[in-house]
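In the numbering used here, the protein residues as written are 1 to 402. Contents: one structure, followed by commentary.
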């Protein structure tokens, strides 16, 4: 009788699929100038910061049984959340296009039938995933993830044992702090999505923890594969490495399936966020529309460097989740009955500006952690000041009523 809710295992499998991604491998290649040891340290530190925030974001949705954008109402009001819902849909359309573009380009390097054809193939498979539906993906995801796991291990072995040279090592071009921030950026980009899945979990805490840990480990591995590919093979093109290693068909399978399982989450969550903007929208059909738009964009526009896109996502959603963490876990606030909670919107704007400023400051922990710490600090100070001001008004009013 108890069919409701997704299992902890299913949530873990969903986020395994999110972590296995060409975009994560490509982002890992950007860290190669640091060398392997420094690059690895930046990957681990960045993912520790990013996945901690991801855990709290997922836990809020799991505890409250709310989608990601519905949890935003808790801090920004019933209508204040619309700003973030619109921004989230836009970033998810962008991610859908980027993922399809990267997957198609890599697939075409192995079987050169035309990148636009691979865009259509990948886009079509994502739509199939959407039509199957999240709750019906259990067995299919188990098989798909098992195959992906085996093939990514083979890919890792090929890169780290098949090549002895050291290619692209240079202390110039990227600071340690910038590398940390690029490592934070991927888990941070999933912040506005994770609650769309943990809200359905039978055991929210366990599912959120499993999702975060699985994603964090797999994402680190993808980054390391990308960095290792650049360092040990002297190329940034993962498809070229697969071909050289004789992983033609298997490599193609990794590229296409990993792109589908990751981009499905982007498209699905875009559909969920669209329902927050308008109740008339149906999740599934909105997700399909997003996939179609993303596929067309991937065919038409070049999307080779996504670093600025990642930083933009960080500047929007890092201060947002900082305010949500402060309100939910420290201050115990709930502003869903308010249309716009203006003080939190102002604090978010301050956090956004601060992040953009910090992009020009080199810190050993990147931009996200200091930005979130300051944003949470502003929240707590505002709460203390407003509470003190409110109590003074009450004290002044009491003698008049006696």
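Ideal placement from N, C-alpha and C gives every residue a C-beta, glycine not left out. Note that the structure is a prediction, hence the values are computed from the model and not measured.
Entirely enclosed alpha helix (DSSP H) segments - the segment 225-284, minimum 4 residues = The qualifying runs are 238-244 and 248-277.
Would you mind working out which of 257, 226, 200 and 86 sits nearest residue 8, comparing C-alpha positions?
-> 200
CB-CB under 8 Å to residue 17, same chain, minus the five flanking residues each way: which ones, in chain order?
-> 141, 144, 145, 148, 258, 261, 262, 264 and 265
Span of the alpha helix (DSSP H), counted from its first residue to its last, around residue 99 = 81-110
By how many angstroms is the C-alpha of residue 91 removed from the C-alpha of residue 406?
-> Residue 406 lies beyond the residue range present for the chain, which begins at 1 and ends at 402; the question has no answer from this structure.
By DSSP, does residue 6 sit in helix, in strand, or in coil?
-> DSSP, read as helix, strand or coil, puts residue 6 in strand.
Name, in chain order, the residues that DSSP records as bridge partners for residue 201.
-> Residue 201 is bridged to 6.
Grab me the residues of residue 59's own chain with a C-beta within less than 6 Å of its C-beta, minus the 5 sequence neighbours each way, in chain order.
-> Within the same chain, residue 59 has close Cβ partners 208.
Could you pull out every residue in the same chain whose Cβ sits closer than 7 Å to the Cβ of residue 34, ignoring the five residues on either side in sequence?
-> 42, 174, 176 and 179
Can you tell me the Cα-Cα spacing of residue 117 and residue 66, whole angstroms?
-> 38 Å
Secondary structure at residue 65, three-state DSSP: helix, strand or coil?
-> coil
Can you have a look at residue 132 and say buried or exposed, based on whether 16 or more other CB atoms are within 10 angstroms of its CB?
-> exposed
Within 10 angstroms of the Cβ of residue 196, are there 16 or more other Cβ atoms? Answer buried if so, exposed if not.
-> buried
Could you pull out every residue in the same chain whose Cβ sits closer than 8 Å to the Cβ of residue 348, ignoring the five residues on either side in sequence?
-> 76, 319, 320, 323 and 375
Is the beta carbon of residue 313 sitting closer than 8 Å to the one on residue 185?
-> yes
In terms of residues, what are the limits of the alpha helix (DSSP H) holding residue 320?
-> According to the DSSP assignment, residue 320 belongs to the alpha helix (DSSP H) that extends over 307-325.
Can residue 310 and residue 49 be called in contact, C-beta distance under 8 Å?
-> no
Work out the CA separation of residue 6 and residue 202 for me, nearest whole Å.
-> Whole-angstrom Cα-Cα distance: 6 Å.
In three-state terms, what does DSSP make of residue 366?
-> coil
Please look up how many angstroms separate the CB atoms of residue 123 and residue 291, rounded, as I've assumed it's under 8 Å.
-> 6 Å
Beta-carbon proximity list for residue 363, same chain, < 7 Å, skipping 5 on both sides | 177 and 370.
Expressed to the nearest angstrom, what Euclidean distance is found between the alpha-carbon atoms of residue 80 and residue 298?
-> 31 Å
Which residues bound the alpha helix (DSSP H) around residue 192?
-> Unbroken run through residue 192: none, as it is neither H nor E.
Range of the contiguous alpha helix (DSSP H) that encloses residue 344 = 342-358
For residue 350, the nearest candidate out of 107, 379, 221 and 28 (CA to CA) = Closest in C-alpha terms to residue 350, from the list 107, 379, 221 and 28, comes 379.
Contact set for residue 450: own chain, Cβ-Cβ below 6 Å, skip 5 residues either direction | Lying outside 1 to 402, the shown extent of the chain, residue 450 is not represented and no answer is given.
Which first and last residues belong to the alpha helix (DSSP H) in which residue 121 is found?
-> 115-132
Relative to the C-alpha of residue 250, which residue among 155, 232, 275 and 278 is closest?
-> 155
For residue 37, count neighbouring Cβ atoms within 10 angstroms of its own Cβ and tell me buried if that reaches 16, exposed if not.
-> exposed
Tell me whether residue 406 is buried or exposed, calling it buried when 16 or more other Cβ atoms sit within 10 Å of its Cβ.
-> The structure shown does not extend to residue 406, since the chain spans only 1 to 402, so no value can be given for it.
Under a Cβ-count criterion, where at least 16 other Cβ atoms within 10 Å of its own Cβ denotes burial, should residue 21 be classed as buried or exposed?
-> buried
Quick one: what does DSSP say residue 425 is sitting in, helix, strand or coil?
-> Given that the chain is displayed from residue 1 to residue 402, the structure contains no residue 425 and the question cannot be resolved.
Can you grab the Cα-Cα spacing for the pair residue 70 / residue 276, in whole Å?
-> 7 Å
What number of angstroms, rounded off, separates the C-alpha of residue 125 from the C-alpha of residue 29?
-> So the alpha carbons of these two residues sit roughly 27 Å apart.
Given that a residue counts as buried once 16 or more other Cβ atoms are within 10 Å of its Cβ, and exposed if not, what is residue 325?
-> Buried: at least 16 other Cβ atoms inside 10 Å.
Whole angstroms is fine: what's the gap from residue 360's alpha carbon to residue 366's?
-> 10 Å
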